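> The sequence shown runs contiguously to residue 241 in numbering that gives the first Met the number 0.
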Amino acid sequence: MSQSDRDTDWRWLYRAGGVAILIAVVVFRRHFGAELGLLMDMGVIDLKPPSTALDWFTLLQDSPFLGLLLLDLFDIVNYLLVGLMFLALYGALRFANKVAMIVAMACDLVGVAVYLASNQAFALLALSDRYAAASTDAQRAAFLAAGEALLVAHNPNGIQLGLLLVALAGLIASLVMLRSQVFGKATAMVGLVANSLVLSYFVALPLVPAIAPLFPAVSAPFRVIWYALIARKLIRLTRTSA
Numbered sequence: 000m001s002q003s004d005r006d007t008d009w010r011w012l013y014r015a016g017g018v019a020i021l022i023a024v025v026v027f028r029r030h031f032g033a034e035l036g037l038l039m040d041m042g043v044i045d046l047k048p049p050s051t052a053l054d055w056f057t058l059l060q061d062s063p064f065l066g067l068l069l070l071d072l073f074d075i076v077n078y079l080l081v082g083l084m085f086l087a088l089y090g091a092l093r094f095a096n097k098v099a100m101i102v103a104m105a106c107d108l109v110g111v112a113v114y115l116a117s118n119q120a121f122a123l124l125a126l127s128d129r130y131a132a133a134s135t136d137a138q139r140a141a142f143l144a145a146g147e148a149l150l151v152a153h154n155p156n157g158i159q160l161g162l163l164l165v166a167l168a169g170l171i172a173s174l175v176m177l178r179s180q181v182f183g184k185a186t187a188m189v190g191l192v193a194n195s196l197v198l199s200y201f202v203a204l205p206l207v208p209a210i211a212p213l214f215p216a217v218s219a220p221f222r223v224i225w226y227a228l229i230a231r232k233l234i235r236l237t238r239t240s241a
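Structure, rendered in structure tokens:
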């Protein structure tokens with residue numbers, strides 16, 4: 000069986016991965032929250048995330064979208080869409096370096112799982128609705144206690160680990176692209192820049208924390224371009240493998 004014949008079996012996944020990453024580019028851009036955080040750190044936007052469950056409940060009731068945005072709503076959806084993209088990338092690049100792509104796919108899937116387990120955005124929103132509908136002080140106190148517990152479970156370290164693993168997966172996939180004829184060198188180089196900038200954030204964070212947030216913000220346009228190039232190629236593969 001030729002590679003073209005084998006690729007036919009992956010055609011549906013190429014299409015799903017291409018469409019998913021286009022949605023990620025257009026609607027759920029990676030690091031939207033990071034850019035908002037950078038503007039807040041620079042004083043351009045005078046808005047700080049709440050620190051208590053009561054403050055979060057108030058924000059989520061007054062402005063659910065803003066509250067969820069501060070809780071990285073866009074990133075939650077983005078991680079799921081990127082996970083589908085990496086499954087498609089494995090299919091497209093498995094002949095270039097199967098072991099490396101298995102490692103990349105594993106890093107991404109673990110990163111997505113860690114991130115989702117660490118982010119309590121929707122749980123906090125649901126709890127805020129129950130708090131607003133509570134009719135007694137005892138019920139409100141119970142929901143506040145549950146909210147504080149969720150804030151503890153909303154683990155920034157887990158969220159950061161998820162980001163690290165997904166960026167590492169992107170770097171590995173970009174290196175494989177350099178040796179593959181499926182994706183052009185331009186796609187590989189953009190991916191190397193985008194993911195290296197994100198990984199640089201973790202290097203800079205303990206050394207120069209003041210400038211560390213610049214790295215994910217600067218990586219955002221490169222990542223958008225990388226996603227767009229990948230989406231275009233994946234969708235083309237659905238035609239060439241037909």
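The beta carbon of each residue, even a glycine, is placed where N, CA and C say it ideally should be. Since the structure is predicted, the reported quantities are computational estimates derived from the model, not experimental observations.
1. Ignore the nearest five residues each way along the sequence and tell me which others in residue 210's own chain have a CB closer than 8 Å to its CB.
2. Going along the chain, which residues of its own chain have a beta-carbon closer than 6 Å to the beta-carbon of residue 89, five neighbours each way excluded?
3. How would you write the range of the alpha helix (DSSP H) that residue 63 sits in, first residue to last?
4. Quick check: the Cα distance between residue 106 and residue 19, rounded to an integer number of angstroms?
5. For residue 102 and residue 229, I'd like the C-alpha separation in whole angstroms.
6. Just curious, the alpha helix (DSSP H) that residue 194 is in, first and last residue?
7. With burial defined as no fewer than 16 other Cβ atoms inside 10 Å of the residue's Cβ, what is the status of residue 11: buried or exposed?
8. Roughly how many angstroms separate the alpha carbons of residue 70 and residue 179, rounded to a whole number?
9. How long is the line joining the alpha carbons of residue 30 and residue 145, rounded to whole angstroms?
10. Which same chain residues, not among the five before or five after residue 126, have their C-beta less than 7 Å away from its C-beta?
11. Whole angstroms are fine: how far does the CA of residue 206 sit from the CA of residue 199?
A quick look at the data gives this:
1. 203
2. 100, 104
3. 63-69
4. 19 Å
5. 19 Å
6. 184-206
7. exposed
8. 38 Å
9. Any answer about residue 30 is weak, because its pLDDT of 49 lies below 50 and its placement is not dependable; what the coordinates show is given next. Going by the C-alpha atoms only, they are around 29 Å apart.
10. 142, 145, 146, 149
11. 11 Å
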